[in-house]
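In this note's numbering, the protein residues as written are 16 to 735.
A virtual CB, placed ideally from N, CA and C, is assigned to each residue, including glycine.
One structure is given below, encoded as structure tokens.
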Amino acid sequence: MKKITTLFAILLITVRLSLAGEGMWIPMLLEQLNEPEMKSMGMRISAEDIYSINKSSLKDAILLFGRGCTAEIISDQGLILTNHHCGYGQIQRHSTLENDYLTRGFWAMDKSQELPNPGLSVTLLIRMEDVTKQILEGIKPGMTEAERAAIIKANTGKTEKQAIEGTSYNARVRPFYYGNEYYLFITETFNDVRLVGAPPSNIGKFGGDTDNWMWPRHTGDFSMFRIYVNKNNEPAEYSPDNVPYKPKSHIPVSLKGVEKNDFTFVFGYPGSTQEYLPSYAIEMITETENPPAIRLREKRLGIFDSYMEQSDLVRIQYSNKYAGVANYWKKMIGENRGIRKLDAIEKKQAIEKQFTEWANADAGRAGQYGKLIPAFESAYRKLNPISEAETYLIEAGLGVEALRFAYSFNQLAEKSKDKSASADELNKMVTQLKSSAEGFFKNYHKPVDRDVFASLMADWVQHQDVQALPEMVARQAIVYNNDFNTWADELFAESLFTDAVKLNKFLGSYKAKSYKKIEADPFYILAQSVYNHYFTNIQPLSQQIAMQLDSLQRIYMQAQMEFQPNKRFYPDANSTLRVTYGVVDDYYPRDAVFYRHYTTLEGIMEKEDPSVYDYVVEPKLKELYNTKNYGRYAAKDGSMRIAFIGSNHTTGGNSGSPVLNADGQLVGVNFDRNWEGTMSDLMYDPDQCRNISLDIRYCLFIVDKFAGAGHLVEEMTLVE
Ligand code: ARG
Ligand code: GLU
């Protein structure tokens with residue numbers, strides 16, 4: 016009897032351990048697929064409280080923020096919370112040397128001070144629906160990929176149109192499981208979103224790019240915005256007459272905090288994962304694509320760094336660009352290490368071997384799946400050099416700011432040659448380009464770009480065969496005898512696109528025949544050559560192989576489900592709303608090293624270094640620390656908790672996502688993953704993968720005690 020109980024206990028434990036963590040689940044299927052497990056892990060609310068179309072639910076408070084983050088509604092007056100790094104662009108755009116909100120922070124002390132952000136929108140999901148049947152209607156076995164794609168496109172258009180007839184909503188159908196299933200998403204988008212508050216960068220970005228992707232972490236990574244609508248509570252373009260949005264639901268905020276093993280879930284918009292690719296793809300990503308991308312980004316960052324250190328203006332101009340380049344640079348490094356440490360390629364190879372054996376063990380299956388893995392192998396062998404060339408083109412060619420900018424004059428040049436174009440049309444384009452030039456030069460420092468250019472071109476020419484280079488790059492390397500500095504000096508001195516004054520003057524007196532000057536510009540010529548190389552030598556080939564791979568991957572996905580009938584599959588992230596759940600948990604990153612599951616304000620004081628930009632501590636924060644003035648935001652042990660980690664499976668796009676407790680109350684804001692776990696986009700490891708969340712109590716403490724914006728906390732629904 017005893018034996019049986021122990022065995023049973025062990026079984027229970029292994030089942031329990033395998034429960035938490037991996038998976039990004041579809042909200043409308045939670046009840047069916049996940050609710051029992053979520054409850055067994057401690058959840059006290061129901062799946063219906065998370066996603067419902069019959070009553071208000073948490074989903075009515077979850078937003079897609081801007082192009083790629085998540086935000087949540089935290090008051091009945093449309094107050095929303097996201098990360099500092101998600102609102103970074105907006106905060107930067109409102110910042111000047113005199114009014115440097117990026118450095119000093121910004122707090123609207125009443126609604127009249129909230130700042131509009133043209134171009135920023137947030138989107139709510141109204142409902143989702145499985146439309147696989149409608150979308151695949153008319154698809155027959157044996158059709159070519161092109162025929163299939165045409166039918167799907169037509170069915171998608173019809174389905175989307177019908178779904179929103181007579182409403183002001185938007186509709187979008189998205190493929191799941193590589194086109195084995197399709198879901199329809201009905202959404203509502205708000206365009207008047209105003210900045211309410213942001214802490215100074217040495218809180219909101221404390222630790223900067225040095226600590227990025229790493230645990231232990233001490234970043235107060237949050238910012239606040241508010242949705243404004245017209246008098247009927249409907250989305251509207253910005254107007255001073257707009258009023259705060261009254262949401263169907265907002266998330267209550269818990270002051271209770273979390274402890275180890277507490278159930279949490281993250282509700283948001285994960286961007287993209289690739290969990291079901293064959294080993295050849297993982298090999299290509301980690302061995303062909305990541306290494307040159309890492310090296311080229313490192314060169315760019317080194318140059319940015321050296322200039323930013325010397326000038327406050329350049330620091331403001333390049334901080335957002337730096338963060339953008341640094342972020343995936345570091346992610347790729349972590350991903351490569353994680354894949355190696357996990358032996359992910361070997362693991363996939365072993366499964367593929369078993370899979371092929373399984374397929375060939377049955378005559379019917381052999382015909383269907385027996386040649387799948389070899390087909391992948393040959394497709395990826397063809398794709399490898401193309402994808403390498405593409406990586407260089409993107410990371411080296413398009414790493415040059417003036418090159419991208421010069422290319423944006425392409426349409427104007429073409430229109431100017433078109434005899435049927437009216438003067439009005441041209442004027443419109445010129446006006447638009449004037450304003451985009453203004454934006455470009457506001458954040459442009461020519462010496463930075465010049466050095467970047469010389470360094471990236473040298474690397475590109477050194478590492479790629481002549482046939483893999485754009486014609487102009489290959490030619491100029493010969494003309495200048497690989498002296499990339501001289502090439503850079505001459506190019507940057509001659510071009511219109513590196514000089515605000517020259518370009519303004521040119522646009523100020525633009526006439527149709529001025530296109531000749533664009534077309535004679537050396538940077539424009541170079542940009543044309545780089546883009547042409549992409550459009551003629553890379554894209555058509557990669558698209559052709561991609562289409563073949565799409566088809567293989569769709570079959571392989573279905574095959575994997577048949578091969579592992581007991582495995583519970585979740586669809587790869589695709590920027591649609593998902594729920595992921597796990598527990599608050601610590602981990603061992605390396606031999607003999609243990610990482611606790613939370614950090615405290617003590618750690619900020621430990622990291623303090625007034626001589627290093629990323630580790631400067633605000634005097635006011637230090638004062639609050641010294642007097643231990645934490646009020647109701649302190650943890651039970653009296654400490655101020657800053658961040659915590661858990662086994663929720665997240666990815667890029669989950670930034671700003673609410674981290675909720677067993678009662679569906681807000682306990683944190685997701686903002687990162689640990690470095691050891693960044694390979695989770697390709698393969699998840701429950702031992703090493705952790706999501707990093709800001710403790711909501713630190714956020715409220717900063718708003719209330721540090722910024723003196725307690726009125727915002729008053730707006731929220733607090734659970735003490
Ligand atoms: N790694 C996080 C994410 O992928 C945060 C990035 C912003 N922070 C930074 N220091 N660059 O977006
Ligand atoms: N920082 C990421 C984001 O902006 C989230 C971290 C991750 O990739 O998991 O979405």
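Beta carbon of residue i nearer than 9 Å to that of residue j
i: D601; j: I660; result: yes
i: D687; j: T234; result: yes
i: K314; j: S470; result: yes
i: Y395; j: E298; result: yes
i: M444; j: K432; result: no
i: R78; j: L139; result: As written in the sequence, residue 78 is Leu, which differs from the Arg given in the question. Closer than 9 Å, so yes.
i: L199; j: A178; result: yes
i: F280; j: V594; result: yes
i: M39; j: A677; result: no
i: I736; j: V463; result: Nothing about residue 736 can be reported from this structure: the residues present for the chain run from 16 to 735 only.
i: N195; j: Q482; result: no
Member of the options whose CA lies at the smallest distance from the CA of residue i
i: L94; options: V244, E175, Q47, G219; result: V244
i: D652; options: A308, K271, F370; result: K271
i: P42; options: F240, D75, G36; result: D75
i: T665; options: E486, F282, L522; result: F282
i: T118; options: H109, R187, A161, S216; result: S216
i: T614; options: G597, A649, L592; result: A649
i: I401; options: K176, A213, N552; result: N552
i: Q491; options: Q482, M472, D480; result: M472
i: P306; options: F278, N49, K346; result: K346
i: D91; options: T204, H265, A251, L210; result: H265
i: G353; options: E691, E729, F721; result: E691
i: K362; options: L427, L413, L292, L135; result: L292
i: P586; options: F191, Q563, N706, S695; result: F191
i: G683; options: D236, A438, Q149; result: D236
i: I89; options: N706, L675, S695; result: L675
i: Q107; options: G382, T301, V598, A213; result: A213
i: S510; options: R142, P485, A542; result: A542
i: L733; options: S269, S334, N227, F121; result: S269
i: K643; options: M572, F721, E302; result: F721
i: S768; options: L44, A161, T371, S451; result: This structure cannot speak to residue 768, because the chain is shown only from 16 to 735.
i: K637; options: V627, R647, D629, E617; result: E617
i: I154; options: T202, M143, I167; result: I167
Boundaries of the alpha helix (DSSP H) in which residue i is found, first to last residue
i: P555; result: 554 to 578
i: P462; result: 461 to 478
i: S238; result: Run containing S238: none in the alpha helix (DSSP H); it sits in the beta strand (DSSP E), 238 to 244.
i: D504; result: 499 to 509
i: D64; result: 62 to 65
i: A438; result: 438 to 457
i: F420; result: 416 to 422
i: T406; result: 387 to 407
i: L292; result: That residue, L292, is in no alpha helix (DSSP H); it is neither H nor E in DSSP.
Buried or exposed by the 16-neighbour rule on C-beta atoms within 10 Å, applied to residue i
i: L112; result: exposed
i: V494; result: exposed
i: D624; result: exposed
i: S435; result: exposed
i: T159; result: exposed
i: L328; result: exposed
i: T446; result: exposed
i: Y603; result: exposed
i: M16; result: Bear in mind that the predicted position of M16 carries a pLDDT of just 40, short of 50, making it unreliable; the figure below should be weighed with that in mind. Exposed is the call here.
i: R465; result: buried
i: E180; result: exposed
i: F23; result: Residue confidence for F23 is low, a pLDDT of 47 falling below 50, so the modelled location carries little weight and cannot support an answer.
i: F550; result: exposed
i: E249; result: exposed
i: F424; result: buried
Where the beta strand (DSSP E) through residue i begins and ends
i: I88; result: 84 to 88
i: N185; result: 185 to 191
i: V481; result: That residue, V481, is in no beta strand (DSSP E); it is neither H nor E in DSSP.
i: D320; result: Counting along the chain, D320 falls outside any beta strand (DSSP E), though it belongs to the alpha helix (DSSP H) covering 305 to 325.
Minimum Cβ-Cβ distance from residue i to chain D less than 9 Å
i: G219; result: No chain D appears in the structure shown, which is made up of a single protein chain.
**Request:** Within the region 664 to 713, note down every full beta strand (DSSP E) run reaching 3 residues or more, in order along the chain.
**Result:** 673 to 675, 681 to 688, 706 to 710
**Item:** 3-residue-minimum beta strand (DSSP E) runs that sit fully inside the region 105 to 190, ordered along the chain
**Value:** 137 to 145
**Item:** Sequence ranges, alpha helix (DSSP H) only - wholly within the region 339 to 364, length at least 4
**Value:** none
**Runs of alpha helix (DSSP H) wholly within the region 578 to 629 (minimum 4 residues, chain order)** = 616 to 622
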